[in-house]
Amino acid sequence: MSDREIMPIGVFASIGAGPGVSLEVVQQLGLPTVHVLAPRSDLCTEAYAQEVRNEFERARIEITLVFCSYSEESYETIAAVQETVGLAPPTTRDDRIEQTRRTADFAAALGAPGLGIHVGFISEDRGSAQFGELVRALRGLCEYCSAMGLCINLETGQENAVTLLRFLQEVNRANLGVNFDPANMILYGSGEPIRALRKLGAYLRSCHCKDGTWSEKPGEEWGLETPLGEGDVEIETFLSTLIGLGYEGPLTIEREISGEQQARDIGEGVKLLERLKKKLLDRA
Ligand code: MG
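Position 223, counted from 1, in the sequence shown is what the numbering used here calls 482; the numbers after and before it change by one each time, with no gaps.
Given below as C-alpha cells:
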C-alpha cells in the first residue's frame, strides 16, 4: 500500500468470471485492496497474469492474496466440503498440489504476496495418515512458494482452532499462516470465532470480514451468512481483537452472494468498518 494505511479496507473481487465483485464495483467503492480467486490452473498463464496485473495497477488497487480453487469442489453441504474441498481428499491431492504450484506461479506474476488455500478438513488425529500426508503436502508447497517470496495463508473454518494450530506447528514453515475468517468458524460450527482468533494469533497474516449466524445443528448443517454486522461474529470485538494482536493488514470484506444486493451489502460493510476503525484506532 502506497501510504501504508493501517488496516486498509478491501473486498473479495473476481478476475474474469468467478465469485466476488467486479473491478468496477471495487473502484466505485473506492477500495485500495482486494483478495482474488485464481482462475482454473490451465488459464493461469503468464500473459493473463500480466493483463490482470496491468488492469489492477492502472486502477491503483493492490492484490493482497490470491485464492486457489480446484475443479470438482462442492460447498453444497458440510459433508460435501469434507469429501471434495482442498488438499484433504487423498484421490485428488497430487493433481491439486500441481494446480497449486501453477496458481503460485500466477500469483507471483501478478505481483501478489501470497496464496490463500482452503485446505479442506484437517484430521483431529495428528497420528493419522491424513494428518501426516497433509503436513508433507504443505511443507512442499511452502518451500515452492518460499523460493518466490510468497506466503501461504490457510483459510479458517473447517476445523477447530486447536486442530489448525497443531497443524501449523507441525508443518513449521515461516511462510505458513492463516487467513482468519470469523464467519466460517460459525458457519461450519467449529468454534467461537474471537476465542479461535486469539488462539491462532501468532499465525494471523490476513483476514476476511464476513458475518453469519449459527445453525441449529452446528457442524452438521451450514449456518447462515449475513451482511456484516448482522450475524453472531460481533464485528467490533473482532476488530478490537485484531488490533490487540498487532494486526495492521487489510480488512477484506467477503459477501458470498451475487448481484446488486452483494454490492449494496458490501457498501454498508465498508461504512461499518470505517466507523469502527475510526472509533477503535482513535482510542488505541
Ligand atoms: Mg473467507
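Using N, Cα and C, we set each Cβ at its ideal position, and we do this for glycine too.
Nearest-angstrom Cα separation, counted from G448 out to A388: 25 Å
Under 6 Å from any heavy atom of the ligand MG, by CB: list those residues in chain order, please. E414, D440, N443, H467, K469, E513
According to DSSP, D364 sits in a beta bridge with which residue or residues? Paired residues: none, contrary to the question.
Where E495 and A420 are concerned, what is the direct C-alpha to C-alpha distance, given to the nearest angstrom? 21 Å
Since D470 sits in a beta bridge, which residues does DSSP pair it with? T485
Please list, in chain order, all residues of the same chain as D545 whose beta carbon is under 7 Å from its beta carbon, the five residues on each side excluded. Residue 545 lies beyond the stretch modelled for the chain, which goes from 260 to 543, so this question has no answer here.
For L504, which three-state DSSP category applies? coil
From the DSSP output, which residues share a beta bridge with L296? F326
Cβ of E480 within 7 Å of any heavy atom in the ligand SAH? Of the ligands one can find in the structure shown, namely the ligand MG, none is the ligand SAH.
Below 8 Å between beta carbons: does that hold for N443 and C401? no
For G370 and L324, I'd like the C-alpha separation in whole angstroms. 10 Å
Got a sec? Which residues, its chain only, sit under 6 Å from A368 by beta carbon, not counting five neighbours each side? E305, A308
Delimiting residues of the beta strand (DSSP E) encompassing T511: 510–512
For N431, count the other beta carbons within 10 Å of its own beta carbon; 16 or more makes it buried, fewer makes it exposed. Which is it? exposed
From the DSSP output, in three-state form, read off F271 for me. strand
Using a Cβ-Cβ cut-off of 8 Å (strictly less than) and excluding sequence neighbours within five positions of Y557, which residues of its own chain qualify? Given a span of 260 to 543 for the chain in the structure shown, any question on residue 557 remains unanswerable.
Could you check whether A318 and G286 sit closer than 8 Å to each other, using their CB atoms as the reference points? Here residue 286 turns out to be Gln, not Gly, going by the sequence shown. Against a cut-off of 8 Å, the Cβ pair of A318 and Q286 comes out as a contact.
Between T511 and V270, is the Cβ-Cβ spacing less than 8 Å? yes
Thinking C-beta only, is L498 closer than 8 Å to L539? yes
Quick one: what does DSSP say I265 is sitting in, helix, strand or coil? coil
For G375, three-class secondary structure by DSSP: strand
Using the beta-carbon count (16 or more within 10 Å), is P349 buried or exposed? exposed
Spatial distance of F326 from E335 (CA atoms): 19 Å
For D301, count the other beta carbons within 10 Å of its own beta carbon; 16 or more makes it buried, fewer makes it exposed. Which is it? exposed
For G488, the nearest candidate out of F439, I525, L501, G289 (CA to CA): I525
Is F380 closer than 8 Å to C303 when the C-beta atoms are compared? no
Using a 10 Å radius around the Cβ and a threshold of 16 neighbouring Cβ atoms, would you call R514 buried or exposed? buried
Going by the CB atoms, is the gap between E414 and I376 shorter than 8 Å? yes
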